[in-house]
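*Asks:* Provided herewith is a single structure, encoded as structure tokens, for subsequent inquiry.
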Amino acid sequence: MTKETLEAPVREKRDRLVLRFAGDSGDGMQLTGNRFTNASAVIGNDLATFPDFPSEIRAPAGTLAGVSSFQVQIADWDILTPGDAPDILIAMNPAALKSNIDDLDPGGLLLVNGDAFVDRNLEKAGYTSNPLEDGSLDGYRTMVAPMEELTKLAVADTGVKGRATLRSKNFFALGLVSWIFNRPTQPVIDWVNDKFGPDSVIAKANIASLMAGYNFGITTEEFQHLYDIEPAKLDPGEYTNITGNQALAWGLIAGAQAANLPISYASYPITPASSILEELARHKNFGVRTLQVEDEIAAVGVAVGASFAGHLGMTGTSGPGLALKSETISLAFQVELPMVIIDVQRAGPSTGMPTKTEQADLLLAMYGRHGEAPLPIVAPATPAEAFSIAVEACRIAVTYMTPVIVLSDGYIANSSEPWRLPDLDELPAISHPFATADDSEFLPYSRDPETLARPWAIPGTAGLEHRIGGLEHADLTGNVSHDPLNHEHMTWLRAAKLDRIAAGIAPLEIDGPESGDLLVLGWGSTFAAIRAGTRNARREGYSVAHGHLRHIHPFAPNLATVFAGYEKVLVPELNSGQLAMMLRAKYLVDVISYPKIQGLPFKATEIRQKVIDTITGTGDSEAGQ
Amino acid sequence: MTDTRYERSDFQSDQEVRWCPGCGDYTILAAVQNFLASLDVDKEDHVFISGIGCASRFPYYVNTYGMHSIHGRAPAIATGVATANPDLTVWVVTGDGDALSIGGNHLIHAMRRNVNVKVLLFNNQIYGLTKGQYSPTSELGKRTKTSPMGSVDQPFNPVSLAIASEATFVARTIDMDRNHTTEMLQAAYEHNGAALIEIYQNCNVFNDKAFAQLTGREERDANRINLVPGRPIVFGANNEFAVILDTGGARVVATADVAAAAIHVHDPANPDPSAAFALSRLSHGPYGPTPVGVFRDVDRPSYEAMVKQQLVDAQAQKGPGDLSRLVRSVGTWTVD
Numbered sequence: 040m041t042k043e044t045l046e047a048p049v050r051e052k053r054d055r056l057v058l059r060f061a062g063d064s065g066d067g068m069q070l071t072g073n074r075f076t077n078a079s080a081v082i083g084n085d086l087a088t089f090p091d092f093p094s095e096i097r098a099p100a101g102t103l104a105g106v107s108s109f110q111v112q113i114a115d116w117d118i119l120t121p122g123d124a125p126d127i128l129i130a131m132n133p134a135a136l137k138s139n140i141d142d143l144d145p146g147g148l149l150l151v152n153g154d155a156f157v158d159r160n161l162e163k164a165g166y167t168s169n170p171l172e173d174g175s176l177d178g179y180r181t182m183v184a185p186m187e188e189l190t191k192l193a194v195a196d197t198g199v200k201g202r203a204t205l206r207s208k209n210f211f212a213l214g215l216v217s218w219i220f221n222r223p224t225q226p227v228i229d230w231v232n233d234k235f236g237p238d239s240v241i242a243k244a245n246i247a248s249l250m251a252g253y254n255f256g257i258t259t260e261e262f263q264h265l266y267d268i269e270p271a272k273l274d275p276g277e278y279t280n281i282t283g284n285q286a287l288a289w290g291l292i293a294g295a296q297a298a299n300l301p302i303s304y305a306s307y308p309i310t311p312a313s314s315i316l317e318e319l320a321r322h323k324n325f326g327v328r329t330l331q332v333e334d335e336i337a338a339v340g341v342a343v344g345a346s347f348a349g350h351l352g353m354t355g356t357s358g359p360g361l362a363l364k365s366e367t368i369s370l371a372f373q374v375e376l377p378m379v380i381i382d383v384q385r386a387g388p389s390t391g392m393p394t395k396t397e398q399a400d401l402l403l404a405m406y407g408r409h410g411e412a413p414l415p416i417v418a419p420a421t422p423a424e425a426f427s428i429a430v431e432a433c434r435i436a437v438t439y440m441t442p443v444i445v446l447s448d449g450y451i452a453n454s455s456e457p458w459r460l461p462d463l464d465e466l467p468a469i470s471h472p473f474a475t476a477d478d479s480e481f482l483p484y485s486r487d488p489e490t491l492a493r494p495w496a497i498p499g500t501a502g503l504e505h506r507i508g509g510l511e512h513a514d515l516t517g518n519v520s521h522d523p524l525n526h527e528h529m530t531w532l533r534a535a536k537l538d539r540i541a542a543g544i545a546p547l548e549i550d551g552p553e554s555g556d557l558l559v560l561g562w563g564s565t566f567a568a569i570r571a572g573t574r575n576a577r578r579e580g581y582s583v584a585h586g587h588l589r590h591i592h593p594f595a596p597n598l599a600t601v602f603a604g605y606e607k608v609l610v611p612e613l614n615s616g617q618l619a620m621m622l623r624a625k626y627l628v629d630v631i632s633y634p635k636i637q638g639l640p641f642k643a644t645e646i647r648q649k650v651i652d653t654i655t656g657t658g659d660s661e662a663g664q
Numbered sequence: 620m621t622d623t624r625y626e627r628s629d630f631q632s633d634q635e636v637r638w639c640p641g642c643g644d645y646t647i648l649a650a651v652q653n654f655l656a657s658l659d660v661d662k663e664d665h666v667f668i669s670g671i672g673c674a675s676r677f678p679y680y681v682n683t684y685g686m687h688s689i690h691g692r693a694p695a696i697a698t699g700v701a702t703a704n705p706d707l708t709v710w711v712v713t714g715d716g717d718a719l720s721i722g723g724n725h726l727i728h729a730m731r732r733n734v735n736v737k738v739l740l741f742n743n744q745i746y747g748l749t750k751g752q753y754s755p756t757s758e759l760g761k762r763t764k765t766s767p768m769g770s771v772d773q774p775f776n777p778v779s780l781a782i783a784s785e786a787t788f789v790a791r792t793i794d795m796d797r798n799h800t801t802e803m804l805q806a807a808y809e810h811n812g813a814a815l816i817e818i819y820q821n822c823n824v825f826n827d828k829a830f831a832q833l834t835g836r837e838e839r840d841a842n843r844i845n846l847v848p849g850r851p852i853v854f855g856a857n858n859e860f861a862v863i864l865d866t867g868g869a870r871v872v873a874t875a876d877v878a879a880a881a882i883h884v885h886d887p888a889n890p891d892p893s894a895a896f897a898l899s900r901l902s903h904g905p906y907g908p909t910p911v912g913v914f915r916d917v918d919r920p921s922y923e924a925m926v927k928q929q930l931v932d933a934q935a936q937k938g939p940g941d942l943s944r945l946v947r948s949v950g951t952w953t954v955d
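Written as structure tokens, this is what we have:
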């Protein structure tokens with residue numbers, strides 16, 4: 040075990056650092072990570088986070104199954120990912136150590152809650168000897184703090200009693216880490232007071248533990264090596280730290296506001312989409328109606344009804360819920376009402392790994408309906424971008440009178456990053472004139488010649504009484520029709536909206552050379568790893584570019600032209616190659632699929648290596664999948 | 620109803636009505652159209668939402684706003700309509716299969732939430748549109764194409780189900796009795812909140828005369844129990860039968876055998892649903908003495924009124940939504 044025993048603290052300046060907080064799922068690691076992130080955001084670092092937690096709310100304490108972790112990369116430059124491997128690991132118990140130590144870089148800093156390394160916990164984690172004593176951690180700079188003992192002492196005067204005394208030990212760890220990384224404690228104190236009330240016992244205990252941890256860092260000789268990370272040189276502007284689900288919720292509010300429509304958001308709680316419902320429910324003063332209904336099907340049904348009545352109907356779910364909503368989404372498509380459907384994807388099939396991320400609902404979103412029912416699909420690339428993607432979904436839904444699917448995922452939903460606040464006055468105005476009566480006969484399935492949108496005639500409008508329904512209907516009048524040629528005509532007419540949508544999409548932008556050896560094409564949350572991985576490979580001299588699709592259906596109209604510029608096309612996805620299949624089918628391009636199906640995001644190093652292997656023809660990269 | 624603005628024809632759409640000749644749906648359609656014409660409600664403020672089934676073709680024939688949706692989901696879709704615009708009068712037209720089988724979940728939740736929708740449940744105890752399979756209200760032992768040896772499914776009693784689902788208004792009527800149907804429509808319309816009317820509707824093709832005990836000239840007097848608010852429950856050609864509530868349930872007795880004071884006086888406004896539930900258990904299906912009329916009619920704030928109130932309260936507390944403040948609500952920092 041190495042110990043830093045210098046006389047005065049050394050302050051090392053680093054341009055970036057990756058920290059991982061790991062502990063039992065009851066230890067409050069997500070909270071600790073989030074507070075550290077927030078304090079880092081406040082001092083202006085760029086950052087990206089990756090929360091990783093088990094689906095069991097409280098797996099048996101101390102076991103490997105119960106380990107919860109939160110990784111954050113902080114930097115003084117514009118970073119993209121939460122980092123591949125941590126430089127610093129904070130382990131609150133033996134199980135957390137065991138399941139994370141292999142990721143820690145050799146020479147990395149390991150901060151351990153020594154009090155948890157007792158026989159019972161070691162046994163639960165599957166250790167036969169104590170790693171703090173058997174030399175197995177010799178390659179790391181290990182620092183052991185008696186966090187539980189010191190927490191107990193720190194909270195002694197706060198009035199907290201019994202088992203609750205140890206609950207604040209995560210704040211002790213946070214205080215200590217705040218000292219090591221020179222983070223301010225005030226934002227944490229403010230948050231605690233705001234959350235629990237300044238007079239509450241919990242607030243007092245948490246703050247006492249926080250300061251005890253911080254002061255322990257100052258007073259003990261063990262922590263003499265400190266790190267400074269300067270504020271990042273981000274684009275000028277005002278920033279906030281935002282998670283993907285928060286950004287989606289705010290984007291929906293912004294999109295509906297741009298369209299001057301009230302929101303009816305109906306949903307059934309499901310991981311990892313529930314926090315969108317929770318966030319929207321907090322903003323009823325925006326006229327947002329949130330309905331927590333009896334099931335997934337009711338949720339989308341309420342959205343259809345609300346849209347019929349002139350609201351922007353919305354629903355949010357994850358893959359299992361999207362499957363349940365399928366029939367009703369087809370109805371919304373058939374009656375041509377606007378709707379926004381959010382699928383925060385998780386690892387499936389079935390319940391799968393609900394807290395782990397995946398991109399495997401793409402083909403479900405694309406084709407998972409009965410009959411011919413093509414729908415627009417958009418996908419955010421980063422947590423912050425979920426805001427503008429939500430606005431875009433609202434724009435397409437209302438402008439073209441169609442349901443729109445937003446494909447987010449668990450990684451985007453829970454991760455956070457700094458978001459430069461947009462100029463809210465420059466949000467697109469979304470036009471949706473409700474139909475009004477005139478002397479002519481009202482034709483509910485007449486169309487705007489440009490968008491092919493049908494008129495939105497809402498109940499309560501005199502003279503426009505009409506019936507819509509799931510039965511096939513005649514063009515223009517909407518009267519029930521089983522005429523064969525009419526059915527074919529209507530099928531193509533509904534599909535033609537996608538072409539009109541494509542015409543309004545910005546061309547795909549490319550990061551890197553416009554022609555060369557390799558184009559890496561991604562979608563959704565793989566953005567950061569692909570961007571970082573391709574840039575790293577390019578810095579090493581490889582001819583590689585990155586294009587990222589925000590519109591999955593329809594694709595950006597210039598995509599065929601983009602393909603023509605490159606020898607090879609590589610498509611990394613967190614599924615078995617679903618986008619690759621779509622691209623092959625549509626463009627006859629021999630794309631190379633790079634699938635990863637582990638419930639984990641890509642690492643930048645994985646992308647970099649795959650890029651090099653693909654260009655040089657080494658490794659097994661040519662195999663495709 | 621003379622000085623009304625509307626005629627029945629104002630509520631007839633230009634679509635040809637395509638139920639089987641002799642179907643009970645025709646009489647219900649006529650009753651509803653006449654009733655709508657009698658109301659002082661702009662016709663553009665009515666919305667009819669239906670699911671799938673014979674009954675669910677109904678909206679196509681009513682010249683108001685309407686949606687023929689998908690199987691079982693009408694109560695959910697109607698919840699969306701009613702919540703978005705509480706000024707509308709929202710009707711759900713559904714059948715026994717639509718409401719009680721595939722859509723059972725949505726029905727019970729619409730009831731307990733007290734969404735202000737009027738559910739007209741056409742109960743013919745059979746699947747008509749799919750040509751004659753047993754339904755969730757078909758009697759035990761019913762022989763159909765999918766139950767050649769007789770159904771082994773215990774049927775639902777829709778009135779009991781609605782009362783157990785915290786419904787604030789539950790009634791039963793019969794398609795052939797247009798006056799009574801209209802009376803029930805009026806009562807449901809005047810009720811603030813969810814209302815369910817079970818309408819015994821004859822399917823003359825697949826389940827003819829299912830309700831004969833209540834409609835046949837010979838049997839009806841002995842079997843039809845008219846529930847009248849504030850009145851002792853007696854029935855029969857000469858009121859020779861009465862209903863009493865004792866030992867925790869309701870039962871039929873000879874009027875002559877009990878003291879007048881022992882006869883149950885019907886009170887649909889009783890907040891306690893026990894008596895209404897007991898009355899609903901007098902029959903299980905239209906066999907033997909069966910009550911018709913309003914079982915339950917109590918006041919409770921409607922769902923959409925409470926949803927709307929929360930918006931008002933939120934604005935009063937936080938002011939109108941300000942996007943610029945929202946995006947700054949978790950703290951910001953500035954990079955120069």
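Chains as they are written, first to last, in our numbering: chain A, 40 to 664; chain B, 620 to 955. Yeah, the Cβ is synthetic: ideal placement off N, Cα and C, and Gly gets one too.
1. Would Q631 of chain B count as contacting chain A if we go by Cβ distances under 7 Å?
2. Just to confirm the assignment: which complete alpha helix (DSSP H) runs, minimum length 4, are found wholly within the region 273-333 of chain A?
3. What runs of the alpha helix (DSSP H), each 4 residues or longer, lie entirely inside the region 761-798 of chain B?
4. By how many angstroms is the C-alpha of T390 of chain A removed from the C-alpha of I96 of chain A?
5. Examine chain B for any beta-carbon lying closer than 7 Å to the beta-carbon of H350 of chain A, and answer yes or no.
6. Going by alpha carbons, who is nearest to P359 of chain A out of A:M353, A:I381, A:H350?
7. Please classify M40 of chain A: is it buried, with 16 or more other beta-carbons within 10 angstroms of its beta-carbon, or exposed?
8. May I have the straight-line CA-CA distance separating G940 of chain B from V931 of chain B, to the nearest angstrom?
9. Distance, Cα to Cα, E923 of chain B vs S313 of chain A?
10. Do Q929 of chain B and K137 of chain A have their CB atoms nearer than 7 Å?
11. Could you tell me the boundaries of the alpha helix (DSSP H) in which W230 of chain A lies?
12. Report the rounded CA-to-CA distance for T259 of chain A versus P275 of chain A, giving the unit in angstroms.
13. Thinking I696 of chain B and V343 of chain A are a contact (beta carbons under 8 Å), I'd like their distance in whole angstroms, please.
14. Near L588 of chain A, what residues of its chain come up, given a Cβ to Cβ distance below 6 Å and the 5 sequence neighbours on each side ignored?
15. What does G174 of chain A reach in chain B if we use C-beta pairs closer than 7 Å?
16. Does the ligand SAM have even one heavy atom less than 6 Å from the beta-carbon of N798 of chain B?
17. Pull up the distance between the alpha-carbon of M250 of chain A and that of F60 of chain A, whole angstroms please.
18. With which residues is Q384 of chain A paired in a DSSP beta bridge?
19. Starting from Q934 of chain B, find everything on chain A with Cβ-Cβ shorter than 7 Å and list it in chain order.
20. Would N858 of chain B be called buried (16 or more neighbouring beta carbons within 10 Å of its own) or exposed?
21. Less than 8 Å between the CB atoms is what I'm expecting for V35 of chain A and L609 of chain A, so what's the real figure, rounded?
22. Taking CB distances under 7 Å as the criterion, tell me whether D54 of chain A reaches chain B.
23. Pick from B:V824, B:Q936, B:V877: whose alpha carbon is nearest that of Y746 of chain B?
24. So if DSSP puts D91 of chain A in a beta bridge, which residue, or which two residues, is it bridged to?
25. What is the rounded straight-line gap between the Cα of G685 of chain B and the Cα of L707 of chain B?
26. Going along chain B in order, which residues have a C-beta closer than 9 Å to the C-beta of W218 of chain A?
27. For chain A, find out if any of its Cβ atoms is closer than 7 Å to the Cβ of N724 of chain B; answer yes or no.
28. So is N37 of chain A buried or exposed if we call it buried at 16+ other beta carbons inside 10 Å?
29. Would you kindly report the start and end of the unbroken alpha helix (DSSP H) that includes P133 of chain A?
30. Which first and last residues belong to the beta strand (DSSP E) in which H665 of chain B is found?
31. Would you be able to state if there are at least three C-beta pairs under 8 Å between the region 566-574 of chain A and the region 396-415 of chain A?
32. Where does Q637 of chain A land, buried or exposed, given buried means 16+ other C-beta within 10 angstroms?
*Replies:* Well, looking at it:
1. Not an interface residue.
2. Qualifying alpha helix (DSSP H) stretches, in chain order: 283-297, 313-320.
3. Qualifying alpha helix (DSSP H) stretches, in chain order: 777-783.
4. The alpha-carbon atoms of I96 of chain A and T390 of chain A are separated by roughly 15 Å.
5. Taking Cβ atoms only, chain B reaches closer than 7 Å to H350 of chain A, which makes this a yes.
6. Here the closest residue by C-alpha is A:I381.
7. Note that M40 of chain A scores a pLDDT of 40, beneath 50, so its modelled location is shaky and nothing firm can be said.
8. Their backbone Cα atoms lie some 11 Å apart in a straight line.
9. So the alpha carbons of these two residues sit roughly 22 Å apart.
10. One thing to note: Q929 of chain B has its Cβ no nearer than 7 Å to the Cβ of K137 of chain A.
11. Here the alpha helix (DSSP H) through W230 of chain A covers 225-235.
12. Straight-line Cα distance between these residues: approximately 39 Å.
13. In this structure I696 of chain B touches V343 of chain A by the C-beta definition: roughly 5 Å separates them, less than 8 Å.
14. Counting only Cβ-Cβ distances below 6 Å, and skipping sequence neighbours, we find W562.
15. Within chain B, no residue comes near G174 of chain A; the closest Cβ sits about 44 Å away, beyond 7 Å.
16. Ligands in the displayed structure: none, and consequently the ligand SAM is not present.
17. Their Cα atoms are separated by approximately 18 Å.
18. DSSP lists A:D448 as the beta-bridge partner residues of Q384 of chain A.
19. Residues of chain A passing the Cβ test: N324.
20. Classification for N858 of chain B: exposed.
21. The structure shown has nothing for residue 35 of chain A, since chain A only spans 40 to 664.
22. Interface with chain B (7 Å Cβ-Cβ cutoff): D54 of chain A is excluded.
23. Here the closest residue by C-alpha is B:V824.
24. Bridge pairing for D91 of chain A: A:S108 [DSSP].
25. In this model, G685 of chain B and L707 of chain B are separated by some 12 Å (Cα to Cα).
26. Within chain B, no residue comes near W218 of chain A; the closest Cβ sits about 21 Å away, beyond 9 Å.
27. At a cut-off of 7 Å between beta carbons, N724 of chain B contacts chain A.
28. In the structure as shown, chain A starts at 40 and stops at 664, and residue 37 of chain A therefore has no counterpart that could be examined.
29. Boundaries of the alpha helix (DSSP H) harbouring P133 of chain A: 133-139, taken from the DSSP string.
30. 665-669 is the span of the beta strand (DSSP E), which, as asked, contains H665 of chain B.
31. Cβ pair count under 8 Å is below three, so no.
32. Exposure of Q637 of chain A is indicated by the presence of fewer than 16 other C-beta atoms within 10 angstroms of its C-beta.
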